[in-house]
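One structure below.
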Amino acid sequence: MFNNEVRCIVYGQQYVGKTSFILKYLNLPTEHQNVPCKESFVKTELLDNQIICLSIKKISKEEDLTNEELLKSDICILSFAVNDPISFAYIINGKSLISRHKPNMPLIILATKSDLRSSTLTNTSCIDISRVHTFVSEIGAYGYFETSIFLKDESSLLFRQAIKIIKLVDSYNESMKPQTISPLQKFFSSVKNIWDKANYMIKQQTVIINQNNNVENYDNKVDAEKYKLEDLNKETKYNECKELLSNSSITDLSYIDITENSGEKETFV
11 MFNNEVRCIV YGQQYVGKTS FILKYLNLPT EHQNVPCKES FVKTELLDNQ
61 IICLSIKKIS KEEDLTNEEL LKSDICILSF AVNDPISFAY IINGKSLISR
111 HKPNMPLIIL ATKSDLRSST LTNTSCIDIS RVHTFVSEIG AYGYFETSIF
161 LKDESSLLFR QAIKIIKLVD SYNESMKPQT ISPLQKFFSS VKNIWDKANY
211 MIKQQTVIIN QNNNVENYDN KVDAEKYKLE DLNKETKYNE CKELLSNSSI
261 TDLSYIDITE NSGEKETFV
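Under this note's numbering, the first residue of the sequence shown carries the number 11, and numbering increases by one thereafter.
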């Protein structure tokens with residue numbers, strides 16, 4: 011995991027301005043002539059509320075770009091001068107060396123002496139920037155920067171970006187590692203699975219019982235409505251019969267013809 015320490019290699023041919031760029035980043039006086047200086051530098055950076063210890067190793071010779079040196083480094087900055095095609099070919103060859111020893115090494119391309127692109131004082135041809143962009147794309151570099159010690163650019167941006175790249179790469183690699191599960195975690199996972207299955211079965215059984223109860227209640231309700239309707243029909247028929255009998259009762263004298271018995275003699279006592 012990311013342990014707040016980043017080890018960076020700055021690789022490139024001599025005289026391209028590696029040392030001057032590093033000294034500018036460290037806010038130290040720069041020499042405009044090639045003078046020997048120590049090969050390693052250290053600086054702390056505050057990034058995302060974390061204190062990062064950045065170790066910078068300057069390498070110029072191919073024989074120093076060893077397997078051991080690469081394996082203990084986190085990121086490599088390949089540096090060339092915009093006015094020197096040989097230095098550009100030098101980092102192309104350096105990329106091949108890195109690929110043999112550490113294929114997944116994150117890379118950043120740095121072009122120094124960028125002030126010469128717009129200089130009218132010297133008749134200097136510079137490497138076409140489209141050619142550099144093609145190389146950056148082909149090798150899958152994480153970024154491309156141009157800088158000059160004579161320009162007021164933010165040299166710390168490159169190294170801060172390098173730290174962010176390492177954090178992202180480390181986070182990705184950590185997420186891709188297989189997760190180790192302890193025996194205790196396996197036990198609790200098994201218990202949880204059994205518990206979940208039991209709860210699911212109980213819920214299913216409860217749903218079935220509720221469905222059966224609903225069907226039974228519905229049937230009872232239908233039967234009750236049926237009986238109620240039958241009683242209502244019986245009562246209606248009874249009332250109709252009662253009304254019919256009431257209308258045809260013998261007590262209604264208007265329907266009796268008294269002349270039919272006029273020939274008979276009756277004696278009233």
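Just so it is clear, CB atoms sit at the ideal spot from N, CA and C, and this is done for glycine as well. Quantities reported herein were computed from a predicted structural model and do not represent experimental measurements.
Inset, instruction - Would you tell me roughly how many angstroms separate the C-alpha atoms of I62 and I85, rounded to the nearest one? - result: Position 52 of the sequence shown, counting from 1, holds the residue named residue 62. Position 75 of the sequence shown, counting from 1, holds the residue named residue 85. Roughly 14 Å separates the two Cα atoms.
Inset, instruction - Give the secondary structure of C136 by DSSP, where H, G and I count as helix, E and B as strand, and everything else as coil. - result: Stepping through the sequence shown from its first residue, residue 136 is reached at position 126. Looking at C136 - three-state DSSP - the assignment turns out to be coil, as it is neither helix nor strand.
Legend entry - Coil, strand or helix - A172 by DSSP: Position 162 of the sequence shown, counted from the first residue, corresponds to residue 172. Helix at A172.
Inset, instruction - Could you tell me whether the Cβ atoms of V92 and S124 are closer together than 7 Å? - result: As a first step, residue 92 must be located in the sequence shown, where it is residue number 82. As a first step, residue 124 must be located in the sequence shown, where it is residue number 114. For V92 and S124, yes; Cβs fall inside 7 Å.
Legend entry - Beta-carbon proximity list for E159, same chain, < 6 Å, skipping 5 on both sides: Against the sequence shown, residue 159 aligns to sequence position 149. Residue identity check: residue 159 is Ile in the sequence provided, not Glu. Excluding sequence neighbours, I159 sits near S30, K34, T40.
Inset, instruction - Report the option in S135, L81, S199, N203 whose CA atom is closest to the CA atom of H111. - result: In the sequence shown, the residue the question calls residue 111 occupies position 101. Closest option to H111, Cα to Cα, is L81.
Inset, instruction - Answer yes if the stretch 105 to 121 comes into contact with the stretch 148 to 156, meaning at least three C-beta pairs across the two stretches below 8 Å, and no otherwise. - result: yes
Legend entry - Every unbroken alpha helix (DSSP H) within the stretch 54 to 137, with a cutoff of 4 residues, ordered by chain: 77 to 81, 95 to 111
Legend entry - Proximal residues to K105 (C-beta, below 8 Å), its chain only, five neighbours per side dropped: Position 95 of the sequence shown, counting from 1, holds the residue named residue 105. Excluding residues within five positions, the ones whose Cβ falls inside 8 Å are L88, L117, I149.
Legend entry - Backbone CA spacing between F98 and T54 [nearest angstrom]: Start at 1 with the first residue of the sequence shown, and residue 98 comes out as number 88. Start at 1 with the first residue of the sequence shown, and residue 54 comes out as number 44. Near 30 Å, if we compare the C-alpha coordinates of T54 and F98.
Legend entry - Check whether I173 and V16 have beta carbons under 7 Å apart: Reading the sequence shown from its first residue, position 163 is the one you call residue 173. Reading the sequence shown from its first residue, position 6 is the one you call residue 16. Result yes, Cβ atoms of I173 and V16 sit closer than 7 Å.
Inset, instruction - Could you please give me the residues that DSSP links to Y21 through a beta bridge? - result: Taking the sequence shown and counting its residues from 1, one reaches residue 21 at position 11. Partner(s): I69, L88.
Legend entry - Residue span of the alpha helix (DSSP H) that contains F31, given as start and end: Against the sequence shown, residue 31 aligns to sequence position 21. Segment 28 to 35, the alpha helix (DSSP H) holding F31.
Legend entry - Neighbourhood of I32 by C-beta, 8 Å cutoff - its chain only, sequence neighbours within 5 removed: For this step, residue 32 is matched to residue 22 along the sequence shown. Counting only Cβ-Cβ distances below 8 Å, and skipping sequence neighbours, we find V20, F51, I66, K68.
Inset, instruction - Using the Cα positions of T134 and S181, report the straight-line distance between them to the nearest angstrom. - result: Numbered from its first residue, the sequence shown carries residue 134 at position 124. Numbered from its first residue, the sequence shown carries residue 181 at position 171. The straight-line gap from Cα to Cα measures roughly 44 Å.
Legend entry - Three-state class that DSSP yields for S50 in the structure shown: Counted from its first residue, the sequence shown places residue 50 at position 40. Looking at S50 - three-state DSSP - the assignment turns out to be strand.
Legend entry - Among V201, E164, I218, the one whose alpha carbon lies nearest that of N37: Position 27 of the sequence shown, counted from the start, is the residue given in the question as residue 37. The shortest Cα separation from N37 among V201, E164, I218 belongs to E164.
Inset, instruction - Could you check what DSSP says for E164 in three-state terms: helix, strand or coil? - result: Taking the first residue of the sequence shown as position 1, residue 164 is located at position 154. If DSSP states are grouped into helix, strand and coil, E164 belongs with coil.
Legend entry - Alpha carbon of N14 to alpha carbon of P193, nearest angstrom: Reading the sequence shown from its first residue, position 4 is the one you call residue 14. Reading the sequence shown from its first residue, position 183 is the one you call residue 193. Cα to Cα, the separation comes out at about 32 Å.
Legend entry - Per DSSP, cross-strand counterpart(s) of F155: By 1-based counting over the sequence shown, the position of residue 155 is 145. The partner list for F155 (beta bridge, DSSP) reads L120.
Inset, instruction - Quick one: using the 10 Å Cβ neighbour count with 16 as the cut-off for buried, is K28 buried or exposed? - result: Looking up residue 28 in the sequence shown gives position 18. By the 10 Å Cβ count, K28 comes out buried.
Inset, instruction - Please report how far the alpha carbon of R141 lies from the alpha carbon of T76, in whole angstroms. - result: Here residue 141 is taken as the residue at index 131 of the sequence shown, counted from 1. Here residue 76 is taken as the residue at index 66 of the sequence shown, counted from 1. Distance between the alpha carbons of R141 and T76 is about 28 Å.
Inset, instruction - Have a look at Y25, S200, T216, C251 and flag the residue whose alpha-carbon is nearest the alpha-carbon of I96. - result: Within the sequence shown, residue 96 is the residue found at index 86, counting from 1. Comparing Cα positions, the closest option is Y25.
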